[in-house]
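Enquirer: This is the structure I want to talk about, given as structure tokens.
Numbering (our numbering), first residue to last: 17 to 181.
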């Protein structure tokens with residue numbers, strides 16, 4: 017998955033790779049599925065001409081802006097975390113609203129893309145943040161399915177919580 021990036025709110029700033037946090041607006045392309053079609057009709061989306069480089073979908077669809085915040089230094093935000101964070105970076109993809117959040121929940125295509133992103137880049141943990149709770153779909157290199165109340169738990173804490181259910 018290639019991620020086209022626009023600097024978003026950081027337009028006038030120089031973004032350094034080692035900043036503790038920086039963000040982008042992204043436009044990701046997904047394979048069309050029933051959830052995306054239903055969402056598109058509700059949004060009156062008709063333009064399928066936008067195709068990101070490297071995607072070979074039969075019917076590619078952009079679902080609008082998705083916000084990406086990169087957290088390089090989680091200890092700056094969560095000093096209580098006891099993980100070795102030197103090699104971990106948190107990529108937080110956020111939606112523009114509840115309808116798009118629901119789309120992320122129901123679309124198999126979107127879930128597959130994020131699972132593939134984690135698989136291809138040795139991702140540690142994948143969680144769909146549903147505001148009241150989180151659905152864990154990837155943990156320690158494997159697909160998984162479970163729910164947690166706190167989406168900011170460490171991977172070890174998530175593993176422990178899911179093992180008790």
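Glycine included, each C-beta is placed from N, C-alpha and C at the ideal position.
1) Given this structure, state the Cα-to-Cα distance separating residue 46 from residue 168, to the nearest angstrom.
2) For residue 153, I'd like the list of residues in its chain whose CB is within less than 8 Å of its CB, leaving aside the five on either flank, ordered along the chain.
3) Residue 169 by DSSP, collapsed to three states: which one?
4) Taking only the alpha-carbon atoms, compute the straight-line gap between residue 125 and residue 50 and give it to the nearest angstrom.
5) On a Cα-Cα basis, can you pick out the residue from 38, 55 and 44 that is closest to residue 123?
6) Using the three-state DSSP reduction, which class does residue 160 fall into: helix, strand or coil?
7) To which residues of the same chain is residue 87 closer than 6 Å at the C-beta, ignoring the five residues directly before and after it?
8) For residue 155, collect the residues of the same chain with a Cβ closer than 7 Å to its Cβ; drop the 5 residues on either side in sequence, then sort them by chain order.
9) Apart from the five residues just before and just after residue 104, which ones in its own chain have a Cβ nearer than 8 Å to its Cβ?
10) Give the secondary structure of residue 33 by DSSP, where H, G and I count as helix, E and B as strand, and everything else as coil.
11) According to DSSP, is residue 136 helix, strand or coil?
12) Using DSSP with H/G/I as helix, E/B as strand and the rest coil, what is residue 118?
Expert: Let me lay it out:
1) Sequence index remark: in the chain shown, residue 46 carries index 30 (1-based). Sequence index remark: in the chain shown, residue 168 carries index 152 (1-based). Approximately 26 Å between the Cα atoms of the pair.
2) Looking up residue 153 in the chain shown gives position 137. Result list for residue 153: 127, 130, 131, 142, 143, 144, 159, 160 and 161, in chain order.
3) Locating residue 169 in the chain shown gives position 153, counting from the first residue. Looking at residue 169 - three-state DSSP - the assignment turns out to be coil, as it is neither helix nor strand.
4) Numbered from its first residue, the chain shown carries residue 125 at position 109. Numbered from its first residue, the chain shown carries residue 50 at position 34. Answer to the nearest angstrom: the Cα atoms are 9 Å apart.
5) If you number the chain shown from 1, residue 123 lands on position 107. When each option's Cα is compared against that of residue 123, the closest is 55.
6) Counted from its first residue, the chain shown places residue 160 at position 144. Three-state DSSP puts residue 160 in a strand.
7) As a first step, residue 87 is located in the chain shown; it is residue number 71 there, counting from the start. Taking residue 87 as the centre and dropping the five residues before and after it, the same chain places the C-beta of 37 and 106 closer than 6 Å to its C-beta, in chain order.
8) The sequence position of residue 155 within the chain shown is 139, counting from 1. So the list reads 141, 171, 174 and 175, once near-sequence residues are dropped.
9) In the chain shown, residue 104 corresponds to position 88, counting from 1. Once the five neighbours on either side are set aside, the close Cβ partners of residue 104 are 90 and 140.
10) Residue numbering aside, residue 33 sits at position 17 when the chain shown is read from its first letter. For residue 33, the three-state secondary structure derived from DSSP is coil.
11) Stepping through the chain shown from its first residue, residue 136 is reached at position 120. Residue state, collapsed to three classes: helix.
12) Position 102 of the chain shown, counted from the first residue, corresponds to residue 118. Under the three-state reduction of DSSP output, residue 118 falls in the helix class.
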